[in-house]
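Undergrad: Protein chains in written order, with our numbering: chain A, 1 to 335; chain B, 1001 to 1335; chain C, 2001 to 2335; chain D, 3001 to 3335.
Where a beta carbon is used, it is the ideal one built from N, C-alpha and C, also for glycine.
For clarity, every value in this text was computed on a predicted model and none was experimentally measured.
Number of protein chains: 4
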Amino acid sequence: MRKVNIGVIGVGRIGRMHTRNLKYQVSGVNVLGVVDVLEKAAQRIAKDLEIPIAEKDYHCLLENKDIDAVIICSSSDTHAQIISEAAEAGKHIFCEKPIALDIDKIDQAITAVKKAGVKLQVGFNRRFDPSFKKAKNLVASGKIGTPHLVRITSRDPEPPPISYVKVSGGIFLDMMIHDFDMARYLLDQEVVELMAVGSCLVDPAIGEAGDIDTAIVTLKYEKGAWGTIDNSRKAVYGYDQRIEIFGSEGCVMVGNKKPTEVAVIGTEDARSDKPIFWFIERYTEAFLAEMKEFIKCIQEDTRPPVGGFDGKISVQMGYAAKESLIKGSFVKISK
Amino acid sequence: MRKVNIGVIGVGRIGRMHTRNLKYQVSGVNVLGVVDVLEKAAQRIAKDLEIPIAEKDYHCLLENKDIDAVIICSSSDTHAQIISEAAEAGKHIFCEKPIALDIDKIDQAITAVKKAGVKLQVGFNRRFDPSFKKAKNLVASGKIGTPHLVRITSRDPEPPPISYVKVSGGIFLDMMIHDFDMARYLLDQEVVELMAVGSCLVDPAIGEAGDIDTAIVTLKYEKGAWGTIDNSRKAVYGYDQRIEIFGSEGCVMVGNKKPTEVAVIGTEDARSDKPIFWFIERYTEAFLAEMKEFIKCIQEDTRPPVGGFDGKISVQMGYAAKESLIKGSFVKISK
Amino acid sequence: MRKVNIGVIGVGRIGRMHTRNLKYQVSGVNVLGVVDVLEKAAQRIAKDLEIPIAEKDYHCLLENKDIDAVIICSSSDTHAQIISEAAEAGKHIFCEKPIALDIDKIDQAITAVKKAGVKLQVGFNRRFDPSFKKAKNLVASGKIGTPHLVRITSRDPEPPPISYVKVSGGIFLDMMIHDFDMARYLLDQEVVELMAVGSCLVDPAIGEAGDIDTAIVTLKYEKGAWGTIDNSRKAVYGYDQRIEIFGSEGCVMVGNKKPTEVAVIGTEDARSDKPIFWFIERYTEAFLAEMKEFIKCIQEDTRPPVGGFDGKISVQMGYAAKESLIKGSFVKISK
Amino acid sequence: MRKVNIGVIGVGRIGRMHTRNLKYQVSGVNVLGVVDVLEKAAQRIAKDLEIPIAEKDYHCLLENKDIDAVIICSSSDTHAQIISEAAEAGKHIFCEKPIALDIDKIDQAITAVKKAGVKLQVGFNRRFDPSFKKAKNLVASGKIGTPHLVRITSRDPEPPPISYVKVSGGIFLDMMIHDFDMARYLLDQEVVELMAVGSCLVDPAIGEAGDIDTAIVTLKYEKGAWGTIDNSRKAVYGYDQRIEIFGSEGCVMVGNKKPTEVAVIGTEDARSDKPIFWFIERYTEAFLAEMKEFIKCIQEDTRPPVGGFDGKISVQMGYAAKESLIKGSFVKISK
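As structure tokens, this is what we get:
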């Protein structure tokens, strides 16, 4: 099978991880170039991984005829623009979430992708986690009958810097967006309306920045099931990522991953590991699997498992949650 | 210590269990009499357990000067009236939930109890479960810092008969009332407002009877924490009773009890027990502990750990939930 | 069904527990009398539980024509003699382990029982534990194919007093005897030879008393499977009672029971309960179930599930272990 | 820090895995060459991973002055000879277990290493597993007091081909050798004597090949603790790798790793994953960590954590087990 030539745009922590995965752990791939607004960052990783091109401006990748696809890991506000340009240049696109915080911009990007006939995969990595995938497949196979209730717990180990909070779009668009996508993914159903509550319990500075740090959203699915998502910006014990789907014939539960399988029992109690602390470690397998899937879609000319529509609807759910929080009532998801 | 003389009013399943516990497993107690509208039921258990009095009319117990306290396990609609009369007769009272579905009647009963200076304990058995009690004590001790989120899962293994559903007061007053009490108990805080959603997913007949069978309630506590309760009338795998309290310094979780500690691993998977199937078996220890506590309160002249106010507020929360379900918005708990 | 009239011989801790169980939790039983060499102990429980007869000398029970069966909970050195006399008096017999430490005495007791045609059940309570019973039944049902390996862990929370150690017969006859019985029970197979190692690691005083406190025994079953038992007199975290049976098609494991289902996760680790601390609490259900089974065998005239042969063979395994410890090689179990 | 130049000898499954790890996941390394008796295998991986040298004869690596160290993954019978030659050529050495099945050859290899002053690390990968490492560190830190009992369960998912069984040296030298090393590692103590039992329960063909497939070994440690190891060539549910260390102050347990954290509860039971099926997946982290450690020892000029003595003593324990199996008694470990 022909090798897929890749360019990576943005080599911060996530970008470097994808680059390394593509270079070393995904077969059928050549990483031809990396770009970053911090040119030295691009040069450093290019040197380490023996990547030919290291530039500041992403246009060099779009203009490069050898490049088949780009991985967009630049700052969120640049995503939509780069998607549009990459699509026009005929490149397949993997883009980290969110496509944009502005629905119009998302629509423009999606339109550009459609027009160009290229592939667009959005970085909802959790769909590729072996545990969540197995849970979803069990539901799809009918193992628990008709789903009635979905419960998603999603808590970060520590809040981001206040500077980031200010530009993040708020907890619903920055953090819960992953859970909105998970909610849709697990049942393979749309959410028709939702109701959000929340407040600032972790750090008053988050409140001063106009955001909240603790939130619960209640979801209504199109076929009548109900869901809840709870978010906290600070779970001192680590990255808490659990789900549960309860149905007419049973219940599927996904617990946290732990670093080791060690327990020590003493005079007081039995002690075992707390969950894996942060997302890079927690979702190692998922980040790799999503990249493999993207490459496979290009090679086999199939539809990416998570695309522009998924990227858009999750943002719309975030806006609905923001609106609901203010209104104090259910808000329908616009489509 | 002087023995406490007891009369039991109503010897259906719960009444018989309490009678047996008082007779055999609680020290310092004489069970002097049992009454039931089905006189034969009273006579049968009186014969089995060698209890002197077995009558149809509970007034014989109230008029009996040797009796110190009554255990009210008759049908719910009789509770308030019997409480008032028992209080006037100077008897201490243990009464199964709910005191009444009518707030005025609850108030009258509570007033009678106060006037008489007798003790009233309401049958919220789950407070006495060793696991939930430990969880509450961990929270009270500051182990998890300031509570931010409470999650209560409470699912019955199968719905009650439709005839019962019709007179039950509905899922919020019949089933979730236990969870409302648990929510208050866990944080030792009042809930100031709540929001209910739900529908009929288990059995259309429940809907035709004017009730729902699946519900999620979001709670706001007086000090700012948030809570969710989910109820289903039918968890095919058994009685699902879990809680979680998440706070600034950690998280307490209570899982289900299982009949055995056996696991069998084969070529397909590892299999272990589903939860204990129903409440009598699940809460064996709790039912006994609440009786011991009631007797101790009489002997030591202390305040029952769960009293008239708890009985009233949980009913008010049930009404608030019913109102919220209709309104589609948060409803404050009236006091 | 006719009530079974019972006399209890010896009302130390175990005897009182059986008496209470028989009086309150086993239907179809009258407890007519209790005896104890400490007459006051007999009188005290007789008064508490309203038992007509309370004497010092057990012969009064054997001579009492109303009594159908006796429960022997006196000191171990009296068991064989009382069994023989009770059998001659035509009483059915439940006897705590061991029947005797002397094989001849065991044989005499068994002969007396056979001659009299009465029932004899020996107190190997663990067979009646719901978890171990389920494990055994899974094996018997072929769930794990042909058994290859059995592993039994059995550790006490603290050693008995040295005064007891001296007369106990040693760790193999006093403590591991339960595990020998469990080993036979789990596979429903005899052990043909065994090899013991061990030493004094917990407390030198146990060594000075001529015993060891830590032991491992390797077993060979008649159909070729292998087993190991490990014992320690002191597991600081409580009563450690686990088993595992590994076979050609899978593995059955039984873990410890814990007091609650609570876990608390904090910045350091996740903490849950250590095992239940001691045997009365650990085997509450088993002690009751063995009594129910004994009464049922009398009522239905069936064979007790654990009888004289089981009582004898476990003592023979204890002697084989003692011999093996000295010899340093495998020793066959004599029959 | 200067890069370490590596040559890999033998690129079967294990050799390829090490090569890939060294190339992509260990920093500070250049893989300069690979050799294999199947030259095409060497050429294939050299092409895939862009490695300059790909030859049939390992001497080309020993003669190459740029190469600092070799990774020996050739067939077991060649290990000792290659170690000696590599040492003479001044190369540091990582060698898969066993060094040899002949003690004299092991001694010659170790002598050559010592004389040359190069580093030798033996491939006991399990020492580098995060769970076992944590367990060992907990023991070393005194968390469980003085160790009394060690239990190692080690069962393969399926037996090797009979052709391999015939040349493997037998279960003790081929399979349990890992557990002998683990036993020493966990307590950081030598085993002074051991006793082996076992038989052929899995497959008669293994017996016909002169080996057994099921074995239990009892160990005595130099400071008085006892250990047991059980091995089976066939655990149908996957690679079963558990340990337990019991001491005067508590107990450390290591359970199996599972592919996902999913549980599904239905009307019958709760089902979760069986263990990870085979060693490459089970010990992914460990195989990488041992390579990192080897490179670090070269760079920092420190002593490898598992060396020639460890490689020798584990083989001696294997011979002791073979002897014990025949003799039916304990055999001392010669040193």
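#1: Starting from Pro130/A, trace the alpha helix (DSSP H) in both directions and tell me its first and last residue.
#2: Residues in its own chain within less than 6 Å of Gln189/A by CB, not counting five upstream and five downstream?
#3: Find the residues of chain D that neighbour Ile1156/B, judging by a C-beta separation of less than 9 Å, and give them in chain order.
#4: Starting from Asn1231/B, follow its DSSP beta bridges and name the residues at the other end.
#5: Out of Lys23/A, Gly12/A and Val118/A, point me to the one whose CA is closest to Ser76/A's CA.
#6: Which one of Tyr2239/C, Leu2288/C, Thr2302/C and Tyr2185/C has the shortest CA to CA distance from Ile2276/C?
#7: Whole angstroms is fine: what's the gap from Tyr3058/D's alpha carbon to Phe3172/D's?
#8: Mind listing which residues of the stretch 3252 to 3267 of chain D have their C-beta closer than 9 Å to chain A's C-betas, in chain order?
#9: Is there a Cβ from chain D that is less than 7 Å from the Cβ of Asp1269/B?
#10: Please classify Asp1068/B: does DSSP put it in a helix, a strand, or coil?
#11: Compute the Euclidean distance between the alpha carbons of Glu55/A and Glu285/A, then round it to the nearest angstrom.
#12: Locate the alpha helix (DSSP H) running through Arg2044/C, then write down its first and last residues.
#13: Taking just the CA atoms, how far does Val3191/D sit from Arg3184/D?
#14: Let me check one thing: in DSSP terms, what residues is Glu3055/D bridge-paired to?
#15: Give the straight-line distance between the Cα atoms of Gly2318/C and Met2175/C, rounded to the nearest whole angstrom.
#16: Specify the secondary structure class of Pro159/A as computed by DSSP and reduced to three states.
#17: Using the Cα positions of Ile1051/B and Gln2025/C, report the straight-line distance between them to the nearest angstrom.
#18: Classify Ser1334/B: buried if its beta carbon has 16 or more other beta carbons within 10 angstroms, exposed otherwise.
#19: Grab me the residues of Phe2128/C's own chain with a C-beta within less than 6 Å of its C-beta, minus the 5 sequence neighbours each way, in chain order.
#20: Can a CB atom of chain A be found closer than 7 Å to the CB of Phe1180/B?
#21: Cβ closer than 8 Å: which chain D residues qualify as neighbours of Asp144/A?
#22: In three-state terms, what does DSSP make of Ala3263/D?
#23: In the stretch 232 to 246 of chain A, which residues sit with their C-beta less than 9 Å from some C-beta in chain C, listed in chain order?
#24: Give me the residue from Pro159/A, Cys200/A, Gln241/A and Lys114/A with the minimum Cα distance to Trp1226/B.
#25: Once DSSP output is grouped into helix, strand and coil, what is the label at Lys223/A?
#26: Using a beta-carbon distance below 7 Å, is Ser2329/C in contact with chain D?
#27: Does the distance from the C-beta atom of Lys3257/D to that of Ala1270/B stay below 7 Å?
#28: Who pairs with Gly1247/B in a beta bridge, going by DSSP?
#29: Quick one: does Ser272/A have its CB under 7 Å from some CB of chain C?
#30: Please list the partners that Leu3138/D has in chain A, where partner means a Cβ-to-Cβ separation under 8 Å.
#31: So that I know if they touch, is there some Cβ in chain B lying closer than 7 Å to that of Asp230/A?
#32: Quick one: using the 10 Å Cβ neighbour count with 16 as the cut-off for buried, is Leu38/A buried or exposed?
#33: Can you tell me where the beta strand (DSSP E) holding Ser1027/B begins and where it ends?
#34: Could you check whether the Cβ of Leu3149/D sits closer than 7 Å to any Cβ belonging to chain C?
#35: Since Tyr2024/C meets chain B, which of its residues come closer than 7 Å, beta carbon to beta carbon?
#36: Give me the Cα-Cα distance between Phe330/A and Glu323/A, rounded to the nearest whole angstrom.
TA: Short version:
#1: As a working mapping, residue 130/A is identified with position 130 in the first sequence. Taken as a continuous stretch (DSSP letters only), the alpha helix (DSSP H) holding Pro130/A covers Pro130 to Ala140.
#2: The residue labelled residue 189/A in the question sits at position 189 within the first sequence. The answer, listed in chain order, is Tyr221, Glu222 and Lys223.
#3: Taking the second sequence and counting its residues from 1, the one referred to as residue 1156/B is at position 156. Position check: residue 1156/B holds Asp in this sequence, whereas Ile was assumed. Within chain D, no residue comes near Asp1156/B; the closest Cβ sits about 15 Å away, beyond 9 Å.
#4: Taking the first residue of the second sequence as 1, we reach residue 1231/B at position 231. Paired residue(s): Ser1154/B and Ala1215/B.
#5: To locate residue 76/A, count along the first sequence from 1; it is residue 76. With distances taken between Cα atoms, Ser76/A lies closest to Gly12/A.
#6: The residue given as residue 2276/C occupies position 276 in the third sequence. Minimum Cα distance to Ile2276/C is reached at Tyr2239/C.
#7: Translated into positions along the fourth sequence, residue 3058/D becomes position 58. Translated into positions along the fourth sequence, residue 3172/D becomes position 172. Approximately 30 Å, taken between the alpha carbons.
#8: Val3252, Met3253, Val3254, Gly3255, Asn3256, Lys3257, Lys3258, Pro3259, Thr3260, Glu3261, Val3262, Ala3263, Val3264, Ile3265, Gly3266 and Thr3267
#9: For this step, residue 1269/B is matched to residue 269 along the second sequence. Interface residue, yes.
#10: Locating residue 1068/B in the second sequence gives position 68, where the first residue counts as 1. Of the three classes helix, strand and coil, the one that applies to Asp1068/B here is coil, per DSSP.
#11: One-based indexing of the first sequence puts residue 55/A at position 55. One-based indexing of the first sequence puts residue 285/A at position 285. Their backbone Cα atoms lie some 29 Å apart in a straight line.
#12: Within the third sequence, residue 2044/C is the residue found at index 44, counting from 1. Its alpha helix (DSSP H) spans residues Glu2039 to Leu2049.
#13: Indexing the fourth sequence from 1 puts residue 3184/D at position 184. Indexing the fourth sequence from 1 puts residue 3191/D at position 191. Rounded to the nearest angstrom, the two C-alpha atoms are 7 Å apart.
#14: Position 55 of the fourth sequence, counting from 1, holds the residue named residue 3055/D. Beta-bridge pairing links Glu3055/D to Val3035/D.
#15: The count along the third sequence starts at 1 and reaches residue 2318/C at position 318. The count along the third sequence starts at 1 and reaches residue 2175/C at position 175. Taking the straight line from one Cα to the other gives about 9 Å.
#16: Taking the first residue of the first sequence as 1, we reach residue 159/A at position 159. Coil at Pro159/A, not helix or strand.
#17: As a working note, residue 1051/B is residue 51 in the second sequence. As a working note, residue 2025/C is residue 25 in the third sequence. Going from the Cα of Ile1051/B to the Cα of Gln2025/C covers about 16 Å.
#18: Translated into the one-based positions of the second sequence, residue 1334/B becomes position 334. Burial call: exposed.
#19: In the third sequence, counting from the first residue as 1, residue 2128/C sits at position 128. These residues qualify, in order along the chain: Ala2286, Ala2289 and Glu2290.
#20: Counting from one through the second sequence, the residue named residue 1180/B turns up at place 180. Chain A, which has no Cβ nearer than 7 Å to the Cβ of Phe1180/B, makes this no.
#21: Here residue 144/A refers to the residue found at position 144 of the first sequence. Reading the sequence as shown, one finds Ile at residue 144/A and not Asp. Neighbours of Ile144/A on chain D, chain order: Val3264 and Gly3266.
#22: For the purposes of this step, residue 3263/D is identified with residue 263 of the fourth sequence, where counting begins at 1. Here Ala3263/D sits in strand by DSSP.
#23: Ala235, Val236, Tyr237, Gly238 and Asp240
#24: The residue labelled residue 1226/B in the question sits at position 226 within the second sequence. The residue with the shortest Cα to Cα distance from Trp1226/B is Cys200/A.
#25: Residue mapping note: residue 223/A aligns to position 223 of the first sequence, counting from 1. Here Lys223/A sits in coil by DSSP.
#26: For the purposes of this step, residue 2329/C is taken as the residue at position 329 of the third sequence. Chain D, which has a Cβ nearer than 7 Å to the Cβ of Ser2329/C, makes this yes.
#27: Start at 1 with the first residue of the fourth sequence, and residue 3257/D comes out as number 257. Start at 1 with the first residue of the second sequence, and residue 1270/B comes out as number 270. No, they are not a contact pair.
#28: In the second sequence, residue 1247/B corresponds to position 247, counting from 1. Answer is Pro1147/B and Gly1250/B, bridged to Gly1247/B.
#29: Numbered from 1 along the first sequence, position 272 holds the residue referred to as residue 272/A. Chain C, which has a Cβ nearer than 7 Å to the Cβ of Ser272/A, makes this yes.
#30: Within the fourth sequence, the letter at position 138 stands for residue 3138/D. Here the neighbours are Val262 and Val264.
#31: By 1-based counting over the first sequence, the position of residue 230/A is 230. Yes - at least one Cβ of chain B is within 7 Å of the one on Asp230/A.
#32: Numbered from 1 along the first sequence, position 38 holds the residue referred to as residue 38/A. By the neighbour-count rule (16 or more Cβ atoms within 10 Å), Leu38/A is not buried but exposed.
#33: Numbered from 1 along the second sequence, position 27 holds the residue referred to as residue 1027/B. Note, Ser1027/B: premise wrong, no beta strand (DSSP E); not H, not E.
#34: On the fourth sequence, position 149 is the one that residue 3149/D refers to. Closer than 7 Å: yes.
#35: Numbered from 1 along the third sequence, position 24 holds the residue referred to as residue 2024/C. Per Cβ cutoff of 7 Å: Tyr1024.
#36: Locating residue 330/A in the first sequence gives position 330, where the first residue counts as 1. Locating residue 323/A in the first sequence gives position 323, where the first residue counts as 1. C-alpha separation (whole angstroms): 9 Å.
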